[in-house]
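Residue numbers for the sequence shown follow our numbering, so the first one is 42 and each next one is one higher.
Ideal Cβ positions, reconstructed from N, Cα and C, are used throughout, including at glycine.
Presented below is the structure to which this report refers.
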Amino acid sequence: MELAVAPPARVAAGVKLGTPLVVTFSGPAPIADDKRENGEVFTLPDLSGIWVFLSLTTPDMQESLAPPREDLLCGRTADSIHAICEEQEGERPPIAYATFPGLMITQPGTYRIKVNIIDMNAAFMDHGGAEAAATVLPCLHSPIFEVVEASEHSGSGPQVADTVRRLRSIGVNF
Numbered sequence: 042m043e044l045a046v047a048p049p050a051r052v053a054a055g056v057k058l059g060t061p062l063v064v065t066f067s068g069p070a071p072i073a074d075d076k077r078e079n080g081e082v083f084t085l086p087d088l089s090g091i092w093v094f095l096s097l098t099t100p101d102m103q104e105s106l107a108p109p110r111e112d113l114l115c116g117r118t119a120d121s122i123h124a125i126c127e128e129q130e131g132e133r134p135p136i137a138y139a140t141f142p143g144l145m146i147t148q149p150g151t152y153r154i155k156v157n158i159i160d161m162n163a164a165f166m167d168h169g170g171a172e173a174a175a176t177v178l179p180c181l182h183s184p185i186f187e188v189v190e191a192s193e194h195s196g197s198g199p200q201v202a203d204t205v206r207r208l209r210s211i212g213v214n215f
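Here's what the structure looks like:
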């Protein structure tokens with residue numbers, strides 16, 4: 042799991058981010074002729090029921106700010122995992138992604154985004170008849186970023202177009 046597109050180092054309070062935040066998931070390292078040890082071709086794992094949730098934390102990651110505050114981080118903060126159907130190059134190419142367009146932080150300050158992955162399928166995997174809980178997978182955090190008053194921010198610049206091109210080149214649609 043990788044935060045392929047993180048928030049910029051400096052953003053304006055109350056203004057939507059210029060590009061969506063994107064989390065990508067990589068497949069196993071390729072093996073010659075894309076064959077595995079048992080001779081089978083690699084297939085995508087079942088991604089249904091796996092969800093990505095965002096929250097806003099303090100820079101030291103010790104306190105979650107949103108939630109509980111509902112007015113601090115606005116926009117889509119949950120997404121299911123989407124398979125990348127286009128063949129990718131690289132040592133561990135991305136096989137899936139989650140996107141979070143339209144994010145906005147409403148108050149100036151210094152923050153991090155926390156990315157939580159929850160496998161809801163685990164709740165239904167217990168065949169013993171007992172209720173099972175969803176599995177929370179290891180999380181990751183964005184780099185620290187600063188939110189400033191809109192009057193103190195110069196805008197997003199040309200990096201937005203470059204980021205959009207890069208995302209579309211790996212099959213991330215938003």
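Considering just the uninterrupted stretch of the beta strand (DSSP E) at residue i, what are its terminal residues?
i    : result
E43  : E43 to V46
D160 : G150 to D160
A50  : Here A50 belongs to no beta strand (DSSP E), and DSSP marks it neither H nor E.
Taking the beta carbon of residue i as the centre, do at least 16 other beta carbons fall within 10 Å, making it buried, or is it exposed?
i    : result
S96  : buried
A50  : exposed
R209 : exposed
A137 : buried
T151 : exposed
A47  : buried
A107 : buried
Looking at the structure shown, is residue i part of a helix, part of a strand, or coil, going by DSSP?
i   : result
V56 : coil
V64 : strand
Please tell me whether residue i and residue j are closer than 8 Å, where the distance is taken between their beta carbons.
i    : j    : result
T140 : V52  : no
I146 : F94  : no
I154 : H182 : yes
V156 : L44  : yes
P135 : F66  : yes
G55  : A175 : no
Just confirm the distance between the C-beta atoms of residue i and residue j, as a whole number of angstroms; I'd bet it's less than 8 Å.
i    : j    : result
P100 : I185 : 5 Å
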